Amino acid sequence: MNRLAVGCIASLFVLFSYAAAKDISVTQYGAMPDDGKDDAAALHQAVDACGQGDRLVFEKGTYDLFASFEIENKTGMDVEGNGSTLLLRGFDRTRGWPVFSAIRLRSSKHVTIHDFVVDMDVSPNSAGEIIGVGDRYFDVRVFDEFPVTGEEYVDHVMTFYRNGLPNGKNMDLYKLDGGLLVEKVADQVLRIGMHRRFDLQKGEYVCLYHKVYGGVCIYFGDCDLCTLRDVTVHSFPGMGFYSTDRSTNITVERYCVKRPKGTTRLTSTNADGSKYVHTGGMLTIKDCYYEGMGDDAINIHSSYGKVVKRDGKTLSIARIRRGKEVDVSARYVLQGDTVEFYDGKTMVPKGSAKILERDGQSMTLDVVPNRVAVGDLFNNISMTPKVRISGVEVHRNRARGFLLQSQDVIVEQCRIFHPTGIGIFVTMDVNYWFESGQGKDVILRNNTIVGANKHLLREGAITVKCGHDSGGTHYPAGVHRNIKILNNTIRDTMNSGIYACSTDGIEILGNTIEHASQKPSLANGNYAMYLKSCVNGVVKDNAVQFSDQVFGQENCKGIAVD
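In the numbering used here, the protein residues as written are 170 to 731.
Structure, rendered in structure tokens:
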């Protein structure tokens, strides 16, 4: 039988399977809305009953979960929430635990999950007003929405203006190991001990995080062609959405992270709104809304590996985790993957190769690029997604709007308001986080960024550089390649509106920048636009208002400026 005949038979089999698909109601298996009972086991049975192409249907209502709603090894499944709420039960603010995902999707293909709301019966963060400040403590009158006992576990504190915007002064008041000292000193008044004095003022609002990095609300792992659509997350002691473990071709549409109406909470998710790690194929993020997260709205990255020994075409390798060499996990790189190599000191690309064989802590390549040596780093390009982000809106979160560490990226028609850090950040990091990879073929166009970077005070509201935190601007041109920043509107920022370094091929065209350089904390911050160590670029047709100096450059070549 020839290949064409086999293909036709396979296609007919798939079509027949989908034609026989059926609707399965979760109530058939005992998952009843609004009854206050744990629905996790019943949902597990309902999922087991679903075949290829089936639709799992929730009758609208509230479903109580004391464990995760899990889906594994499914193809062509549609999960219809009908606007139902998945209410996570049992979180204890005195322990910061238990933490479990609302939805876990694993090893599945062509699965769509849509029309759900996720919240918790006990908020993983509390809020109140600072009413007193001592040398190494402060007193907070906690809002009535959050009854207190004095036994609360608090591992992070952040202060806010009374209008609900983070004021950026105390974003690093952490004690993740053991928590901060907490004492109840009056009705609804807690005294919070600190390991050092912070800049706290009476009358400020403060958020008390009872667990910051506890887990992931919605998890996609080892999935292909899967979609999350019309899902809202109100709170979680960790990240909102997480795609990882070699997931490919993920679509996230009208995903929303925001506080519920009528709440006095200051924060939605305690960590990132969404994160994409070791995810490949085409990543599409469309018409989403993020508000009040404790970390970035969108963070896309992989992680660097290191060459520790070379024997011909076979390389012994390690993975870098926060500056330390660790073993390479089984699925970090696989046979058939393409990896790109970088000079271990300059991070300039040296070339790429295909993996012919992976054996434990070594990989054999089809060809080793010239000059690849011990100490060089590499990134798995096969798990570096193409990215399309459009129509996304971000409001008042800690840290960055978009953290983009990928190739073939288009970000357009997005609006970002008042993140404490950079609005759109094209970067990589080999200082601490060791998140990869370098920006290449990135287009940022027709976006609006207002009030960004007024607290973390990095280089620009849009920044292209080589590190997440301070520094990372000393690398040569070529770390990033072919970056286009086109027709964006940037208003109200302390340093530059646009900053880029270490880039070969930079276009800054048609942007509008107003009220940049309000209170420069860096030398480049005096300029609305600034380039450092860039080559082969053009800066043209940009409109700058209410900034003393329009454009500056340092150690650049081949930059045409109009």
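C-beta atoms are modelled at their ideal positions from N, C-alpha and C, and glycine is treated no differently.
Note that the structure is a prediction, hence the values are computed from the model and not measured.
Rounded to the nearest whole angstrom, the C-alpha separation of VAL707 and VAL730 is 6 angstroms. Between GLU241 and LEU274, the C-beta spacing is below 9 angstroms. The Cβ-Cβ distance between VAL578 and VAL611 falls below 9 angstroms.
Between the stretch 678-686 and the stretch 653-666, the count of Cβ pairs shorter than 8 angstroms is three or higher; the stretches touch.
DSSP, reduced to helix, strand and coil, places MET289 within a strand of the structure shown. Counting along the chain, GLN214 sits inside the alpha helix (DSSP H) bounded by residues 209-217. Classified as exposed, ILE300 has fewer than 16 neighbouring CB atoms from the shown chains inside 10 Å of its CB. Our two residues, CYS583 and GLY570, have alpha carbons roughly 10 angstroms apart in a direct line. Taking ALA236 as the centre and dropping the five residues before and after it, the same chain places the C-beta of ALA209 and PHE269 closer than 7 angstroms to its C-beta, in chain order. The stretch 442-455 makes contact with the stretch 413-420, as at least three CB pairs between them are under 8 angstroms.
The three-state secondary structure of THR196, taken from DSSP, is helix. As a beta-bridge residue in DSSP terms, GLU526 pairs with THR533. Shown here, ASN251 sits in a strand according to DSSP, grouped into three states.
Per DSSP, the beta-bridge partners of ASN468 are LYS444 and LEU572.
Positions of the beta strand (DSSP E) runs, each at least 3 residues long and wholly inside the stretch 540-614, are given as 546-549, 555-559, 562-564, 571-573, 576-581, 584-586, 593-595 and 609-614 in order along the chain. With distances taken between CA atoms, VAL381 lies nearest to THR436 out of MET516, ASN616, ASN705 and THR436. Residue pairing by DSSP puts ILE728 in a beta bridge opposite GLY706. Judged by beta-carbon spacing, TYR473 lies beyond the 9 angstroms limit of PRO554, meaning their Cβ atoms are not closer than that value. Of the residues VAL543, SER194, VAL323 and ARG423, the one whose Cα lies closest to the Cα of LYS482 is VAL543. Cβ atoms of LYS338 and ASP304 stay farther apart than 8 angstroms, at about 17 angstroms. With fewer than 16 other CB atoms across the displayed protein chains lying within 10 angstroms of its CB, SER639 is exposed. Assignment of ALA630 by DSSP, reduced to helix, strand and coil, places it in the strand class. Three or more beta-carbon pairs drawn from the stretch 289-297 and the stretch 371-378 are found closer than 8 angstroms, and the two stretches are therefore classed as touching. The three-state secondary structure of GLY694, taken from DSSP, is helix. When Cβ pairs closer than 8 angstroms are counted between the two stretches, the stretch 509-522 is seen not to touch the stretch 385-394, the count staying below three.
The three-state secondary structure of GLY492, taken from DSSP, is coil. Inter-residue distance for TYR322 and ARG262 is about 6 angstroms (C-alpha atoms, whole angstroms). In this structure, DSSP gives ILE419 a state outside helix and strand, which the three-state scheme calls coil. The distance from the Cβ of ILE591 to that of THR617 is about 15 angstroms, inconsistent with a contact at the 8 angstroms cut-off.
MET451 sits in a strand when the DSSP states are folded into three classes. By the C-beta density criterion, ARG627 is buried, having at least 16 other C-beta atoms within 10 angstroms.
Counting only unbroken stretches of 3 or more residues, the beta strand (DSSP E) elements lying wholly within the stretch 302-369 are 306-311, 325-329, 351-355 and 358-362, in sequence order.
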